[in-house]
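Report on the following structure.
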Amino acid sequence: MQRDSFSVSIENLPDSPMGSNKKMNKVFDKMTQWVTPWRSNSESPRERMILRGDVEQDEFQYASSHCLSSYYSVFVVRLAIMVMLAILIGLLTILTWHFTRIYTKQSLQTLAYGLRYELLQRPILRMWSVLNTTSELTTAQVKLSEYVIRKYDKPTTQEELVEMYQAMKDVTWTLFASAKALNAITINYRNGFVQAFHRDTTTSSTFYIFSDLKNYSISGTGPKDVNGWNNQTIHGNMSAIWYQQQLDPVTGAMLGKPRRIPPDDLISIAGISQVPDGEASWHVTVSKYMDSPLLSAALPVFDASNKSIVAVVGVTTALYSVGQLMRDLVEVHGGHIYLTSQEGYLLATSTNGPLLRNTSKGPKLMKATDSEEWAIKTGAQWLQKTYGNNLPHVVHAENARLGDQQYYIDSFYLNLKRLPIIGVVIIPRKFIMGKVDERAFKTLVILISASVCIFFIGCVCILILTNGVSKEMKLRAELIRQLDARRRAEASSNYKSQFLANMSHELRTPMAAVIGLLDILISDDCLSNEQYATVTQIRKCSTALLRLLNNILDLSKVESGKLVLEEAEFDLGRELEGLVDMFSVQCINHNVETVLDLSDDMPALVRGDSARLVQIFANLISNSIKFTTTGHIILRGWCENMNPLHDEMSLNVDRKKPLAPMKTKLVQHRNHFQKSCKNANKMVLWFEVDDTGCGIDPSKWDSVFESFEQADPSTTRTHGGTGLGLCIVRNLVNKMGGEIKVVQKNGLGTLMRLYLILSIPDTVEQNLQPDFSKYGLVVLLSMYGSTARRITSKWLRKHGIATVEASDWNELTQIIRDLLETGSRDNSFDSQHNIADSLRAELSTIQEIENPVFVIMVDIGVLDLTTDIWKEQLNYLDRFSGKAKFAWLLKHDTSNTVKTELRRKGHVMMVNKPLYKAKMIQILEAVIKNRKRGLCNGIRNRGNGSDESHDCLEIDPTHYDTCSSDDSSETSGEKEGDKPVKSSTLLSPVLKNYLIDTTNRNDDSTSASMTRKNTEEEDWKDRNNRLYSGIALDGKNPKSLEGIRILLAEDTPVLQRVATIMLEKMGATVTAVGDGQQAVDLLNFRSINAQDSTQEQKSSEEETNVNPQSSSRYSSPYDLILMDCQMPKMDGYEATKAIRRAEIGTGLHVPIVALTAHAMSSDEAKCLEVGMDAYLTKPIDRKLMVSTILSLTKPSTLVTSYSA
Amino acid sequence: MEKRQFRDYTISLYHQGFLDDQFTELKKLQDECSPDFVAEVVSLFFEDCEKLISNMARALDQTGNVDYKLVGSSVHQLKGSSSSVGAKRVKGLCVTLKECCDSQNYEGCVRCLQQVDIEYKSLKGKLQDLFNLEQQIVQAGGRIPQVDI
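Listed in order, the protein sequences are those of chains A and B. The first sequence begins at 5 in the numbering used here and counts up one residue at a time. The second sequence begins at 326 in the numbering used here and counts up one residue at a time.
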C-alpha cells in the first residue's frame, strides 16, 4: 500500500528529473507559442525603427536582448511557481488519501480481526464440545462398566460371565443409543472379549459386534502374566471369531442373526495399549466406514480394588459435525477454515474435500500441506514456509500472498491435553477489504485526477497572470524606453535648433557682405555684359541663399525659444494692403487675382509684431501663389471681440479645438499676454488665405506645418522651396497665441484659416467708416477678375452705394449707354437682350436715384491693349466723362503711353491693381470732394450753364497736371484738398503710405535709367526679404545714411577721424566727442532742448507721415550713438548706462552701437547687458556699420544685433 | 614711371605686411572733399603713437612699480588706432605687447615696446616716402593710380 502511493507520487511530482525535463520542453514549446504573437508584434516596430538610424537600432537590439533575458527570467519564475504548486497539491493529495486510508484500514482491521477470531472460535468451541461430550460419555461408560463389573465380581461361572456381559451390553446400549453423535463404543475385556456398538453413517444402520466367547475362559486369562493383557493386538487375534449383528437403531432389538465377519471389517477397538499408564487418552483415528477422521478416547476400567484394569472402554466420535459447522460458517463469510493436529494432520476443513488418504493399508490421515484443496494446501505451505516447523501458537498474517491473491491467515492453538489442535482461517483479502480497497483506489483516482485538474488550472492561471503582469511590465519598460528616447530626441533637436540659431547667425553676416559686395560690383560701370549677367546671377543665388538662411534662423529662433515678439502699435490694414500690393504684381504675372477682403470691423491699429505678422501672411500668400496658376488668392480677415467678459467663453471655444498639444502653450502665452497688457482690449482676429491652386491632400493637412514637409515631394522640382515656410508660419501664429490649420473647402484649392490674439490700444477709437450712402453714388465696376469685382461690389452695396458690375468691354458699353444716354433709355431696354433680368432691375432702381453721381471703375485690362483699339475705346468712354467719373485700375506694367494718354484725356484717378477697400474709399472720397467743389463752382458759374461734373474737371486741371508725374497725383491733390472732407483727415496716413509704396515701386519698375538694374521681381523678393537685401541695396548707395544724425564717442583721434569721414561720406551728420562724459552731457543738453519739439512731433505724428528716419528726428537729438567702449574719463559702458538712466520715463530709446577692439563674445554680452543695441568691432567694416545703423534707425525693421 | 614706382612701392608695403586692407579702405574715403584725408589720418596716427609710446616708456621706466594698467590701456588705444589705419605690423606687435602686459612680463613689455617703436618709425618712413611719391605724381599732373592688392 505504501509503495503504491509512493509510485503514484513519483509519477505526479513534476520536479522529478525525468518528468520535469519532458514537461519543461513541453511547457517551453507552449510558451513560445504563446509568446509568438508578442514577438511578431515586436517585429514591426523594430523594422520601423531601423529606418531611424544606427543608434536606435543598437538601442533596440539592446532592448530586445534585454527583453529576451527578462523573458527567460519570467519563464523561470513561472516554472518555479508551477513546481511549487505541484508539490503543494501533490502533498495535499497524498496526505488526504493516506490519512483516510489509515483510519479506515485500522478500524477495518480491528473489525476483521474480531471477525476472524470469532470465525475460528466457533469451530474450535464445537470441537471442544465434541471432545467434552466424548469425554463425558467415556467417563459415564467407565463408571457404568465399573459398577456392573463390581456387581459381578469375580464371576466364576460361564453363566455369570454371560450374564455380566449381557448386563454390560444393555448398559452400553443405553448409553450408545442416548448419544447419537457417537460413532462407536467398545469395551475390551481383560480376557480378550470385546463388546462394541457401531453406527454406520453410510447405511445408517447400527451394529453390535462381539467376539466369540468360547475362546475365553473367565479365569484362564486371569493368571496369565502381570499385565494381564496379552500383548496381542485385536487384529492380531486371529484366533478369535468376530460376529456382527445388526440392531434396530432405536430399540436395540436384534435384527436377524449374528454374522461372522472377518477381522478386516472390524472397527478400531481401544485396547490396553492405549491406556498404558491407566490414564485417559485421546487420539485421532480413521475408519473405513467414515470419510472423516474420528476422535477416539480410551479409559481403563479398574476393578473394585482399583488395582487392575479389567477392561478398556473406547469411545469414538466423528468430527464430521465440526466440518459441517465450518462449512456453514464459511458459506456466510467466505474463505477456508481447517483444523489440524499438532503434527499437521487435517482434522476438519470447511471444504468437502477428502480428509483421508487411501492407501493400501486403508485410509490414513493426511497432512494439511497435502490437502487436495488448493487454498488449504497453499495456506499450509505458506505457513510452513514462513514459520517453519515451530509454528507459533497464534499467527495473524494479513498480507499472505497465495497464488495471485492476498489472504488473511490466522491460526489459533487449542491446547487440549494429549490432543493439541491448531485452527487456521484463510480468508481472501477481498472478502473483507475488497470493498475498502476498491473504494480507496477509486478515492485515490478521484483525488489524483482532481489534483491534476487543479494543478493544470493553477498553471494556466499562473501563466495568464504572469503573462498579464509580464506583458504590462514589458509595455511599461517599452514606454519608459520610448519616453527616454523621446526626451533624448527632443534634447538633440533642441541642440540642433540652438546650433542652427547660432550657425545661421554666423552665416548671415558673411552672406550680407557677399550681397553687399555684389551690389557694389553690379553698380560698377566697367563690367562687361557677360560679367554683369554672371554677377546678377550670383546676386540672385545669394539672395535665395540668404532667404533660406533667414528661414532657418527664424525657425530655429522660434524653436529654441529665443524669438521675442515686439509689442508695438501698427496699422494692420496698411500692412496687409502693402503685402497684397506687393504680391499682386507676382499674381498678375501668373494670371491670378489677389484680393484683400477685410471686414469693416477690423481694428485699424493693433499692438503686436508687425514684421512677424507680415511674415506670416507673406509666407502664406507666396505659398499660395506658388501653387496657383489660375484663379484667385483671397486674404480674408474678420474679427471677434474678446472682452474680458467673453474671455471665458472663447477659452471654452478654444478647448474644443482639436490641436491639443498647443493648448498649454497657447494658454500660457495668453496668460502672459493678459498680464502684459491687462487693460488693453484683446481681439481674436481671424484670417483666411484662400486660393484656387492644386490643393492639399486632407491627409497632409497637419503635416504640411512640419519643417521640411511638403504636401507633395514632387512639387519641389516644379515649385522649389524647402518646406520651411509653413512651419515658420505655424510657429509664429502659435507664438501670437493663435492657431492655424487647413480647412475643408468647397471646390479647388486650399483654405488656410488662422486666428491671432492681438491687443488693440485703448486710446485709439474705432475706425470710422465714412458714410457714402447719402451722396447718391453709383459705381460701375468694370473689372476683369470676377472675384475681386464681386467682393468689391458686395462691400459697396453694403455701404449703400448702388453698384453695377461689368466683366468685359461689351457689357460695360451697354451699361454705360443704358445709364448715361438718357435719350435712348427706352430703346436701350429693348436692345439689351443680353443683360440679365437682375441686372436690369438693378439698373432701373439706379435710374430712380435722384441726382446720381456715377463712378466708373475701369480695369485697364478691359481695354484691348494688344492693338490700337484701346485708343478708340478710350475715346468712346471719353464721351461720358462729363456725366461720370472714371477711375482707372492700372496694372504695374501698364505702359507709359497708356498712362500719358489717360492723363492727357483728363483721367486723373488712377490706382494700381489690386483694388481694395482703402483704395476704393479714397476714390470715392475724391469723387465726393470734387462733386462738392463742383457744386460750389456750379453755383458760382451758373450762368455758364456748363455741366457740373465737367466743371469739376475743368476747374482744377492744372492742379492735377502739375503734381501728377505719376499716380501719386491723388496724394498731392488730396493734400491740398484735405480740409473740405473731414473723414479723409483720418484716413490720410493710410492712403499716403500705400501711395508712396506705389510710387517707389513704379520707380523701380519703370525707370530703366536708374542705376539699379535688378529686375522687378527680384525687388519684390528683396522687399519680402526685408532686412538684408534692403541694406545691401542701400549699402551701394553712397548716401544711404542720408539724414541720420550720429553721435560718435571715440577717444582715439585716428579712429574718430576715420569714422567721421566714413559716416559723412554716406550722408550722415556726425558729431564727434572724445569721451563718454562729453557724449552724455551733449545728449542731455540736447534732449532738454528738444523736449518741446518732441511733444509737438508726437501730437502731429498721426497726420504727418514722414519716413522712418526722419520721424525720430524730433524724439531725440541723435538717431544713433556710436560708442567706443574704452575711453578716458567715462568709458562706453558707463556712458551707456548713464544715457539709459536718463531715458527712463521719456519713452525714448536712442540706439547705441558699441565700438570695440575686443573681439570676444563676452564683450558683446557685456555691451548688450549695459543697454547697447548692437556691437561693431574695430577696424570698422563699412558695410557692416551701415547695415547695423540702418537696421537700428529704421523702426519698421527688426531690431537685432549684428556682431562681426 | 613714377606711377609704376608708386604702385610697386605700395604693393611692397602690403606684401611686407606693413599695411592691410584697412589702409585701402582709408584711401577709398579720400576724395575731392577731403584730398589729404589719408595723410591727415596717418599723421594723427603717428602723433598718437609717439605720445602713447612715450607714455608707455615712461611707465616702464619706473622699475619696481610699473603701472601695467596704464601701459595696457595705452596699448589698447594704440591697437585700436593702428588697426584703423591699417598698420598691420604695429597692430600685431600691439597684440603681443598687450599679452606681455597682461601677464606682467616686464622684459617682454620692454622688448615689445622697443619693437613697436622701431616698427612705427619704419612705417612712418615708408609712408612718408609713399606720400612723397604721391605728391610728385600729383605735381606732375598725373592721377594717383588705383592699386589693387
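In this text, a Cβ means the ideal position worked out from N, Cα and C, and glycines have one as well.
### Message
Rounding to the nearest angstrom, what Cα-Cα distance links residue 468 of chain A and residue 81 of chain A in this structure?
### Response
13 Å
### Task
Please work out which residues of its chain come closer than 7 Å, Cβ to Cβ, to residue 334 of chain A, disregarding the five sequence neighbours upstream and downstream, and give them in chain order.
340, 341 and 354
### Message
Using the Cβ count rule (16 or more neighbours within 10 Å means buried), how would you classify residue 1174 of chain A?
### Response
buried
### Task
Could you say if the segment 366 to 386 of chain B and the segment 440 to 453 of chain B meet the contact criterion of at least three C-beta pairs nearer than 8 Å?
yes
### Query
Can you tell me the Cα-Cα spacing of residue 749 of chain A and residue 637 of chain A, whole angstroms?
13 Å
### Message
Does residue 557 of chain A come out as helix, strand or coil in the three-state DSSP assignment?
### Response
helix
### Query
Would residue 488 of chain A count as contacting chain B if we go by Cβ distances under 9 Å?
no
### Task
Would you mind telling me which residues of chain B sit closer than 7 Å to residue 1069 of chain A, beta carbon to beta carbon, in chain order?
Listed by position along chain B, the residues whose Cβ is nearer than 7 Å to that of residue 1069 of chain A are 354.
#### Entry: Min CB distance residue 1184 of chain A to chain B below 9 Å
Residue-level contact by beta carbon holds for residue 1184 of chain A and chain B, with a gap shorter than 9 Å.
### Query
How do the segment 867 to 879 of chain A and the segment 896 to 916 of chain A stand: do at least 3 beta-carbon pairs fall below 8 Å, yes or no?
Yes, the segment 867 to 879 of chain A touches the segment 896 to 916 of chain A.
### Query
chain A beta carbons: is any one of them nearer than 9 Å to that of residue 309 of chain B?
A query on residue 309 of chain B cannot be resolved here, the shown segment of chain B reaching from 326 to 474 and no further.
#### Entry: Option in A:568, A:1123 and A:486 with minimal Cα separation from residue 1073 of chain A
A:1123
### Query
Quick one: any contact between the segment 345 to 365 of chain B and the segment 380 to 397 of chain B, if contact means 3 or more CB pairs under 8 Å?
no
### Query
Using the beta-carbon of each residue, which ones in chain A are nearer than 7 Å to residue 369 of chain B?
Against residue 369 of chain B, the close residues of chain A are 1057, 1058 and 1061, in the order they occur along the chain (beta-carbon pairs closer than 7 Å).
### Query
Given 8 Å as the limit, is there contact between the segment 571 to 587 of chain A and the segment 542 to 551 of chain A, that is, 3 or more CB pairs closer than that?
Remark: fewer than three beta-carbon pairs, one from each stretch, lie closer than 8 Å, so the segment 571 to 587 of chain A and the segment 542 to 551 of chain A are not flagged as touching.
### Task
Entirely within the segment 743 to 814 of chain A and at least 4 residues each: give me those alpha helix (DSSP H) ranges in chain order.
Counting only runs of 4 or more, we get 790 to 802.
### Proximal residues to residue 810 of chain A (C-beta, below 6 Å), its chain only, five neighbours per side dropped
786, 816 and 819
### Query
Which residues mark the beginning and the end of the alpha helix (DSSP H) in which residue 340 of chain B is found?
327 to 340
### Task
Could you tell me whether any Cβ in chain B is nearer than 9 Å to the Cβ of residue 1065 of chain A?
Using a Cβ-Cβ cut-off of 9 Å, residue 1065 of chain A counts as an interface residue toward chain B, since at least one Cβ of chain B sits closer than that to its own.
### Task
Can you give me the start and stop residues for the alpha helix (DSSP H) that residue 628 of chain A sits inside?
DSSP places residue 628 of chain A inside the alpha helix (DSSP H), whose first and last residues are 614 to 631.
### Message
Measuring only the C-alpha atoms, how far is residue 862 of chain A from residue 868 of chain A?
### Response
12 Å
### Query
If you check the beta carbons only, do residue 463 of chain A and residue 88 of chain A fall under 9 Å apart?
no
### Task
In the DSSP assignment, find the beta strand (DSSP E) that holds residue 174 of chain A and state where it starts and stops.
Note, residue 174 of chain A: premise wrong, no beta strand (DSSP E); alpha helix (DSSP H) at 162 to 182.
### Task
Answer yes or no: does any C-beta atom of chain B fall closer than 9 Å to that of residue 1082 of chain A?
no
### Task
Would you grab the beta carbon distance between residue 369 of chain B and residue 1077 of chain A for me? Rounded to a whole angstrom, and I think it's under 8 Å.
Contact check for residue 369 of chain B and residue 1077 of chain A: beta-carbon distance about 16 Å, past the 8 Å limit, so the pair fails to qualify.
### Task
Mind checking which residues open and close the alpha helix (DSSP H) that includes residue 265 of chain A?
It is not in any alpha helix (DSSP H) - residue 265 of chain A instead sits in the beta strand (DSSP E) that spans 258 to 265.
### Task
Work out the CA separation of residue 312 of chain A and residue 306 of chain A for me, nearest whole Å.
The straight-line gap from Cα to Cα measures roughly 5 Å.
### Message
When you compare the segment 402 to 410 of chain B with the segment 427 to 439 of chain B, are there three or more beta-carbon pairs, one atom per stretch, that lie closer than 8 Å?
### Response
no
### Query
If we ignore side chains and look at the alpha-carbon of each, how far apart do residue 1160 of chain A and residue 1133 of chain A end up?
17 Å
### Task
Can you give me the Cβ contacts of residue 329 of chain A inside the same chain, cut-off strictly under 8 Å, excluding the 5 residues immediately before and after it?
Excluding positions up to five away in sequence, the list reads 126, 127 and 130.
### Task
Kindly give me the distance between the Cβ atoms of residue 731 of chain A and residue 567 of chain A, rounded to whole angstroms, as I take these residues to be in contact under 8 Å.
Rounded, the Cβ-Cβ distance is 13 Å, inconsistent with contact.
### Task
State yes or no: is the C-beta of residue 888 of chain A within less than 9 Å of the C-beta of residue 914 of chain A?
In this structure, residue 914 of chain A does not lie closer than 9 Å to residue 888 of chain A by Cβ.
#### Entry: Cβ of residue 535 of chain A within 9 Å of any chain B Cβ
no
#### Entry: Partner residues on chain A for residue 464 of chain B, Cβ-Cβ distance less than 8 Å
Within chain A, no C-beta atom comes nearer than 8 Å to that of residue 464 of chain B; the closest sits roughly 24 Å away.
### Task
Return yes when the Cβ of residue 610 of chain A is within less than 9 Å of the Cβ of residue 644 of chain A, no when it is not.
no
### Query
Ends of the beta strand (DSSP E) at residue 859 of chain A?
857 to 863
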